[in-house]
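A.B. asks:
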Amino acid sequence: MSLTRAQVEGIAHLARLQITEAQMPVYVDSLSRIIDFVEQLSAADTGDVEPMAHPLADQVQRLRPDEVTETDRHEKYQHNAPSVAAGLYLVPKVIE
Amino acid sequence: MSLHTLTVAELAAGLAAGRYSSLDLTLHFLGRIERLGPELNAFVTVTADRALEDARQADAARARGEAGPLTGVPIAHKDIFCTDGILTTCSSKMLSGFVAPYDATVVARWKAAGTVLLGKTNMDEFAMGSSNETSYYGPVRNPWDPARVPGGSSGGSAAAVAACLAPAASGTDTGGSIRQPAALTNLTGLKPTYGRVSRYGMIAFASSLDQAGMLARSAEDAALLLSAMAGFDPRDSTCVDVPVPGYTAELATPLKGLRVGVIREFFDKGLDPAVGRLVQDAIETLRANGAVVREVSLPALPLSVPTYYVVAPAECSSNLSRFDGVRFGHRCDSPRDLRDLYERSRGEGFGDEVKRRIMTGTYVLSAGYYDAYYLKAQKVRQLIAADFARAFAEVDVVVGPTSPTAAFGLGSKTSDPITMYLNDIYTIGANLAGLPAISIPCGFVQEGGKDLPVGMQLVGPHFSESRLLSASHQYQLLTDWHRRVPPGFE
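As they're listed, the protein sequences go chains F and C.
Heads up, the first sequence stops at 136 in the numbering used here, and the numbers go up one at a time, no gaps.
Heads up, the second sequence stops at 492 in the numbering used here, and the numbers go up one at a time, no gaps.
(1) May I ask you to report which of helix, strand or coil DSSP gives C/HIS79?
(2) Comparing the C-beta of F/ILE135 with each C-beta of chain C, is any distance below 8 Å?
(3) State buried or exposed for F/ILE135, treating a residue as buried only when at least 16 other CB atoms are found within 10 Å of its CB.
(4) Can you find a C-beta in chain F that's less than 8 Å from the C-beta of C/ARG383?
(5) If we call anything under 8 Å between Cβ atoms a contact, is C/ALA106 one with C/CYS84?
(6) Which residues mark the beginning and the end of the beta strand (DSSP E) in which C/GLN459 is found?
(7) Between the stretch 79 to 87 of chain F and the stretch 454 to 467 of chain C, do three or more beta carbon pairs fall short of 8 Å?
(8) From C/GLY349 to C/PHE330, what does the alpha carbon distance come to, in whole angstroms?
(9) Who pairs with C/GLN478 in a beta bridge, going by DSSP?
(10) By DSSP, does C/ASN321 sit in helix, in strand, or in coil?
(11) Taking one C-beta from the stretch 458 to 470 of chain C and one from the stretch 107 to 119 of chain F each time, how about it: are there three or more such pairs within less than 8 Å?
(12) With DSSP collapsed to three states, give me the class of C/ALA494.
(13) Name the residues in the stretch 110 to 134 of chain F whose C-beta lies less than 9 Å from a C-beta of chain C; which are they?
(14) Would you report the Cα separation of C/ASP26 and C/ASP335, rounded to the nearest angstrom?
(15) To the nearest angstrom, how far is it from the Cα of C/SER534 to the Cα of C/VAL356?
(16) Does the separation of the CB atoms of C/PRO169 and C/ASN43 fall below 8 Å?
(17) Are the C-beta of C/GLY349 and some C-beta of chain F separated by less than 8 Å?
(18) What would DSSP say about C/ALA348, mapped onto helix, strand or coil?
(19) Going straight from the alpha carbon of C/THR90 to that of C/PHE45, what length do you get?
(20) Assign C/ALA525 to buried or exposed, taking buried as 16 or more other Cβ atoms, counted over all protein chains shown, within 10 Å of its Cβ.
(21) Could you have a look at C/ASP147 and say whether DSSP puts it in helix, strand or coil?
(22) Let me see if you follow: with CB-CB separation under 8 Å, is C/TYR311 close to chain F or not?
(23) Does F/ASP76 pass the burial test, meaning 16 or more other C-beta atoms within 10 Å, or should it be called exposed?
(24) Taking F/GLU110 as the reference, give the member of C/TYR196, C/ARG66, C/ALA69, C/TYR104 with the closest Cα.
(25) Chain C beta carbons: is any one of them nearer than 8 Å to that of F/GLU49?
(26) Contact defined as beta carbons within less than 8 Å: I believe C/ALA314 pairs with C/GLY177. What is the distance between those atoms, to the nearest angstrom?
(27) For C/VAL312, count neighbouring C-beta atoms within 10 Å of its own C-beta (all shown protein chains included) and say buried if the count is 16 or more, exposed if not.
(28) Kindly indicate which three-state DSSP category C/GLY363 falls into: helix, strand or coil?
(29) So the candidates are F/SER42, F/LEU130, F/ARG73; which of them puts its Cα closest to the Cα of C/ARG358?
(30) Could you name the residues of the stretch 25 to 47 of chain C whose beta carbon sits closer than 7 Å to any beta carbon of chain F, in the order they occur along the chain?
(31) Between the Cα of C/PRO304 and the Cα atoms of C/GLY490, C/ASP354, C/PHE390, which residue gives the shortest distance?
(32) Kindly indicate the opening and closing residues of the beta strand (DSSP E) around F/GLU115.
(33) Any C-beta of chain C sitting closer than 8 Å to the C-beta of F/PRO91?
(34) So with CB distances below 7 Å, who are the chain F contacts of C/ASP339?
(35) Listed from N- to C-terminal order along the chain, which residues in the stretch 97 to 109 of chain C have their beta-carbon within a distance smaller than 7 Å of any beta-carbon of chain F?
(36) How about F/ARG45: is its C-beta nearer than 8 Å to some C-beta of chain C?
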């Protein structure tokens, strides 16, 4: 196993994913296999190759004029929210 | 020939000639979806009322003399595209109650062209899979053999079109998700150049790779559908502002003089020899009809799968961080605190493969590992892109198989993620380099007493969709593989 259980628990925490006790060994195994598999990249001779920043070499990030283009549609968007009151998204208490 | 086996171009001609109305067509396809859809599990949502309304509007537009080439043609959308007021699930429990508040640009453009929306097709969850087995709504079956997968992630779109439940459907392709299912179900599937089609409203998986396209019955149909889909959209910052050529007009370009490079690395030991023979036969057909065929070598290409499985999970871990159980999507019951809300909502809302990819991505981007994995992969990606660029200095298109095997059995590759990932060994390179690529039917292998389709893939330089489509169309004028329909669905 290239990854330990403690490492996978750490990754799950960073990714904010609850992994059940029963599933944890399955993830340790499959993630280790994936990391072992991608490890073969280390043998590639990349010398002074620039890492790819964009699949189209000549593209630059397009900018737009700083103008308001969006209308307020929060009511429609909030139809999909699990919990809303007075136009606000509700979450458990954050500050005690 | 039955209505449902016709191409989009043929249906459009029939509509224009008044042989049937859009309402006739729509009722015909809705009837087939009702009868044959459930066993294939190709649709997540059938939008019958909306389809009938679209059809009436299309017929009215035609009566006013306002019909375009696609007016009244029924289509389906992969459930990754937002459709205003219609459930849009990405085949995930996370979005199982999500009603999109707007149309994706692809949806809006096909709608503006007068198409009729039959429904939303099943897919691998968040487009992560090569067999359509990761869907929260269950696997899709291949109409050529219901014990086999249709490929993925656009498996529902593939099964729906292959079984003649829809004339054509949209798809998305991050590592082969249009081309591989097209190959496994005897369809023509095009992944356009990165940036050719707007991704606004297309739920993001890996943003430097994702691109929208379609699964259709012919290259001619793909050209018609791409014409109505491509073009600049200011709402997608990666959408490129270059003119859209006349894809259908350019279909007539002959094969004569087409410089074809056969990718040596694709005819490797992982390729089923029977699949390889059919692809070689198809290349021979191109040669016999005037194409100039030579071998090309892309030595970095065998590294495309490991490169992809660093880059794609990295981008997925970032994109899917938006699913937090707060603004939309699944929320767990009675969260104790905010951390519990995030962890349980995401833990419950995402399936195994999605969680695996989020965690892989989190790991390769984490402090201390970023250089070794992510940066390294982006360098290898540059080598792969450079290989293609070198080849395109000498040939117009490169060709090879789309998938190493024909359709495989349901459940046969689900135990080991790497086995599944290697299905995409021939398709991923085009995504990594942002290139357009197409899969077209080139014959059948026999397995277990069933005929299983095989696809040939053509990859071209950036924005060479016209060349890919015309070469494919010319091949389809010489062959009839693409007109075969699975037994029981004629």
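By construction, the Cβ of each residue, glycine as well, lies at the ideal position given by its N, Cα and C atoms.
C.D. replies: According to the structure shown:
(1) Sequence index remark: in the second sequence, residue 79 of chain C carries index 77 (1-based). If DSSP states are grouped into helix, strand and coil, C/HIS79 belongs with the strands.
(2) Residue 135 of chain F sits at position 95 when you count from the first residue of the first sequence. It does not: the Cβ of F/ILE135 has no partner Cβ on chain C nearer than 8 Å.
(3) On the first sequence, position 95 is the one that residue 135 of chain F refers to. Residue environment for F/ILE135: exposed (fewer than 16 other C-beta atoms within 10 angstroms of its C-beta).
(4) The sequence position of residue 383 of chain C within the second sequence is 381, counting from 1. Taking Cβ atoms only, chain F reaches closer than 8 Å to C/ARG383, which makes this a yes.
(5) Position 104 of the second sequence, counted from the start, is the residue given in the question as residue 106 of chain C. Position 82 of the second sequence, counted from the start, is the residue given in the question as residue 84 of chain C. Result yes, Cβ atoms of C/ALA106 and C/CYS84 sit closer than 8 Å.
(6) Along the second sequence, one-based indexing puts residue 459 of chain C at 457. DSSP places C/GLN459 in the uninterrupted beta strand (DSSP E) bounded by 452 to 461.
(7) Flag = no, the stretch 79 to 87 of chain F and the stretch 454 to 467 of chain C do not touch.
(8) On the second sequence, position 347 is the one that residue 349 of chain C refers to. On the second sequence, position 328 is the one that residue 330 of chain C refers to. Going by the C-alpha atoms only, they are around 15 Å apart.
(9) In the second sequence, residue 478 of chain C corresponds to position 476, counting from 1. DSSP, once it has assigned bridges, lists no residue as partnering C/GLN478.
(10) Position 319 of the second sequence, counting from 1, holds the residue named residue 321 of chain C. If DSSP states are grouped into helix, strand and coil, C/ASN321 belongs with the helices.
(11) Too few Cβ pairs lie closer than 8 Å, so no.
(12) Limits of chain C in this structure are 3 at one end and 492 at the other, which puts residue 494 of chain C out of reach.
(13) So the list reads ARG113, LYS116, TYR117, GLN118, HIS119, ASN120, ALA121, PRO122, SER123, TYR129, LEU130, VAL131, PRO132, LYS133, VAL134, given in the order they occur along the chain.
(14) Along the second sequence, read from residue 1 onward, the residue named residue 26 of chain C stands at position 24. Along the second sequence, read from residue 1 onward, the residue named residue 335 of chain C stands at position 333. For C/ASP26 and C/ASP335, the gap between their C-alpha atoms comes out near 47 Å.
(15) Within the shown structure, residues of chain C are numbered from 3 to 492, placing residue 534 of chain C beyond reach of any answer.
(16) The residue given as residue 169 of chain C occupies position 167 in the second sequence. The residue given as residue 43 of chain C occupies position 41 in the second sequence. The criterion of a C-beta distance shorter than 8 Å is not satisfied by C/PRO169 and C/ASN43.
(17) Counting from one through the second sequence, the residue named residue 349 of chain C turns up at place 347. Closer than 8 Å: yes.
(18) One-based indexing of the second sequence puts residue 348 of chain C at position 346. Contrary to the premise, residue 348 of chain C reads as Arg rather than Ala in this sequence. If DSSP states are grouped into helix, strand and coil, C/ARG348 belongs with the helices.
(19) Reading the second sequence from its first residue, position 88 is the one you call residue 90 of chain C. Reading the second sequence from its first residue, position 43 is the one you call residue 45 of chain C. Their backbone Cα atoms lie some 12 Å apart in a straight line.
(20) Since the first residue of chain C shown is 3 and the last is 492, residue 525 of chain C is not available in this structure.
(21) Sequence index remark: in the second sequence, residue 147 of chain C carries index 145 (1-based). Three-state result, C/ASP147: strand.
(22) Translated into positions along the second sequence, residue 311 of chain C becomes position 309. Chain F, which has a Cβ nearer than 8 Å to the Cβ of C/TYR311, makes this yes.
(23) In the first sequence, residue 76 of chain F corresponds to position 36, counting from 1. Under this definition F/ASP76 is an exposed residue.
(24) The residue labelled residue 110 of chain F in the question sits at position 70 within the first sequence. The residue from C/TYR196, C/ARG66, C/ALA69, C/TYR104 with its alpha-carbon nearest to that of F/GLU110 is C/TYR104.
(25) Position 9 of the first sequence, counted from the start, is the residue given in the question as residue 49 of chain F. Not one chain C Cβ lies under 8 Å of F/GLU49.
(26) Position 312 of the second sequence holds residue 314 of chain C. Position 175 of the second sequence holds residue 177 of chain C. Confirmed, about 6 Å.
(27) In the second sequence, counting from the first residue as 1, residue 312 of chain C sits at position 310. With 16 or more other Cβ atoms within 10 Å, it is buried.
(28) For the purposes of this step, residue 363 of chain C is taken as the residue at position 361 of the second sequence. Secondary structure of C/GLY363 (DSSP, three-state): helix.
(29) As a working note, residue 358 of chain C is residue 356 in the second sequence. The residue from F/SER42, F/LEU130, F/ARG73 with its alpha-carbon nearest to that of C/ARG358 is F/ARG73.
(30) Taking 7 Å as the Cβ-Cβ cut-off against chain F, none of the residues of the stretch 25 to 47 of chain C qualify.
(31) Position 302 of the second sequence, counted from the first residue, corresponds to residue 304 of chain C. Comparing Cα-Cα distances from C/PRO304 to each of C/GLY490, C/ASP354, C/PHE390, the minimum goes to C/PHE390.
(32) For the purposes of this step, residue 115 of chain F is taken as the residue at position 75 of the first sequence. Bounds of any beta strand (DSSP E) do not take in F/GLU115; it lies within the alpha helix (DSSP H) bounded by 114 to 118.
(33) Taking the first residue of the first sequence as position 1, residue 91 of chain F is located at position 51. Yes, F/PRO91 lies at the interface with chain C (some Cβ there is under 8 Å from its Cβ).
(34) Position 337 of the second sequence, counting from 1, holds the residue named residue 339 of chain C. Near C/ASP339 (Cβ distances below 7 Å), the residues of chain F are PRO132.
(35) Of all residues in the stretch 97 to 109 of chain C, PHE100, VAL101, PRO103 have a Cβ within less than 7 Å of some Cβ in chain F.
(36) Against the first sequence, residue 45 of chain F aligns to sequence position 5. It does not; no Cβ of chain C falls within 8 Å.
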